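First up is the structure itself, then whatever we jot down about it.
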Amino acid sequence: MTSKLEIRQSRPSDLSGIEQLYKDAFPDEDLLPLVRTLQGFGPGVKSLVGKNEKEIAGHICFTFCHIEGSKNKVALLGPLAVTPALHRQGVGSALVHRGLKHLENCKTGSVFVLGDPAYYCHFGFKAEDKVKTPYPLPTDWHGAWQSIRLCNSEPNYEGKLLVPEPWRQIELWTS
Numbered sequence: 001m002t003s004k005l006e007i008r009q010s011r012p013s014d015l016s017g018i019e020q021l022y023k024d025a026f027p028d029e030d031l032l033p034l035v036r037t038l039q040g041f042g043p044g045v046k047s048l049v050g051k052n053e054k055e056i057a058g059h060i061c062f063t064f065c066h067i068e069g070s071k072n073k074v075a076l077l078g079p080l081a082v083t084p085a086l087h088r089q090g091v092g093s094a095l096v097h098r099g100l101k102h103l104e105n106c107k108t109g110s111v112f113v114l115g116d117p118a119y120y121c122h123f124g125f126k127a128e129d130k131v132k133t134p135y136p137l138p139t140d141w142h143g144a145w146q147s148i149r150l151c152n153s154e155p156n157y158e159g160k161l162l163v164p165e166p167w168r169q170i171e172l173w174t175s
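At position 83 of the sequence shown (counting the first as 1) the number is 83 in UniProt numbering, and the numbers step up by one without a gap.
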């Protein structure tokens with residue numbers, strides 16, 4: 001599938017396809033308010049779509065953030081969605097790799113994610129214990145908070161991840 005996949009910056013005309021993708025990929029979660037807000041957040045978000053010939057096959061966002069007390073440029077990965085019929089065909093991996101490469105070229109020091117460790121470890125993400133989430137995580141989610149270091153940045157930064165408004169909804173971190 002990935003050989004026919006075009007990955008590019010999302011456009012306003014992609015919004016309806018992106019919305020349908022999230023409805024299909026996460027029928028039991030309502031990520032649409034977050035996705036809509038991030039789509040309109042301008043240069044503070046890197047939003048990529050993976051398109052096959054006719055439809056959006058996947059979508060990913062990287063939101064630029066800061067760590068309390070640090071000047072390093074960091075990003076938060078999420079959300080990431082792939083059309084259910086295309087799972088395990090490399091769409092999500094292609095989006096993650098392209099996004100990480102772009103962030104590395106932009107001198108982003110680290111990327112954080114709250115997600116499945118079995119999936120994100122394939123990209124080099126490791127459990128994160130020095131940079132804290134904006135809100136305390138449920139105990140059984142602690143292993144899901146991960147990071148990857150991309151560029152030369154402070155090797156031992158610590159503190160809280162300071163996120164922009166779209167990510168300040170406590171339910172994104174606790175339910």
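All residues carry an ideal CB built from backbone N, CA and C; glycine is no exception. Note that the structure is predicted; figures quoted are calculated from it, not measured.
| field | Distance between beta carbons of leucine 5 and alanine 94, contact taken as under 8 Å | value | Confirmed, Cβ separation roughly 6 Å.
| field | Beta bridge counterpart(s) of alanine 127 as assigned by DSSP | value | Paired residue(s): Gln146.
| said: Could you check whether threonine 133 and lysine 160 sit closer than 9 Å to each other, using their CB atoms as the reference points? | reply: At a Cβ-Cβ threshold of 9 Å, lysine 160 and threonine 133 count as neighbours.
| message | If you reduce the DSSP assignment to three classes, tell me which class histidine 102 lands in. | response | The answer is helix: DSSP assigns histidine 102 an H, G or I state.
| said: If I measure Cβ to Cβ from glycine 17 and keep anything under 7 Å in the same chain, skipping five residues before and after, which residues do I get? | reply: Counting only residues of its own chain and dropping the five nearest sequence neighbours on each side, glycine 17 has a CB closer than 7 Å to the CB of Glu55, Ile56.
| task | Taking isoleucine 60 as part of the alpha helix (DSSP H), name the residues at either end of that continuous run. | result | From DSSP, isoleucine 60 is part of no alpha helix (DSSP H) but of the beta strand (DSSP E) over 56-67.
| message | I'd like to check one pair, threonine 83 with proline 164: are the Cβ atoms closer than 9 Å? | response | Not closer than 9 Å, so no.
| said: Determine whether the beta carbon atoms of arginine 8 and valine 49 lie at a separation below 9 Å. | reply: Going by C-beta atoms, arginine 8 is nearer than 9 Å to valine 49.
| Can you name the residues that DSSP bridges to arginine 8? | By DSSP's assignment, arginine 8 forms a beta bridge with Val49.
| request: Under 8 Å by Cβ, that's how I've got leucine 103 and alanine 144 pegged, so tell me the actual separation to the nearest angstrom. | output: About 20 Å separates the beta carbon of leucine 103 from that of alanine 144, a gap too long to meet the 8 Å contact definition.
| field | Cβ shell of leucine 150 (< 7 Å), same chain only, five flanking positions each side left out | value | Only Leu100, Leu103, Glu104, Thr108, Gly109, Ser110, Val111 meet the Cβ criterion.
| request: In angstroms with no decimal places, state the Cα-to-Cα distance between lysine 51 and leucine 38. | output: Going by C-alpha positions, lysine 51 is about 19 Å away from leucine 38.
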